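Below: one structure, written as structure tokens.
Residue numbers (the working numbering): 139 to 236.
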């Protein structure tokens with residue numbers, strides 16, 4: 139995979155991961171690096187932290203074929219913010235695109 143292809147995948151995956159973190163962990167994140175886990179599982183892992191707290195680290199694994207979130211891991215500061223699906227604010231999970 140070329141560097142240009144990898145950058146295009148990252149540019150598509152980043153906003154998906156940011157929205158996922160906002161919806162499911164009620165937090166804004168900044169991603170600063172990424173790694174491809176090919177050919178093992180066609181996954182890109184994004185590395186980042188919560189906005190305003192570089193110690194609150196996060197890693198989000200996304201399939202670069204389907205762009206679905208495979209896994210999320212990170213520091214306790216982030217993981218403790220998980221919002222149970224039945225407790226989410228309805229507006230945060232609705233599709234706002236018309």
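C-beta atoms are modelled at their ideal positions from N, C-alpha and C, and glycine is treated no differently.
What you are looking at is a predicted structure, and each value in this text was computed from that prediction instead of being measured.
Residue 220 and residue 166 have their C-alpha atoms some 13 Å from each other. Residue 205 and residue 151 do touch by the CB rule: their CB atoms are close to 6 Å apart, below 8 Å.
In the structure shown, residue 203 adopts coil according to DSSP, grouped into three states. When 208, 201, 178 and 189 are compared, the shortest CA-CA separation from residue 164 is found for 189. For residue 178, the three-state secondary structure derived from DSSP is coil. For residue 139, the three-state secondary structure derived from DSSP is coil. Selection 160, 197 and 225 evaluated against residue 172 yields 197 as nearest (Cα-Cα).
With fewer than 16 neighbouring CB atoms inside 10 Å of its own CB, residue 175 falls in the exposed class. Secondary-structure assignment with DSSP links residue 183 through a beta bridge to 173 and 199.
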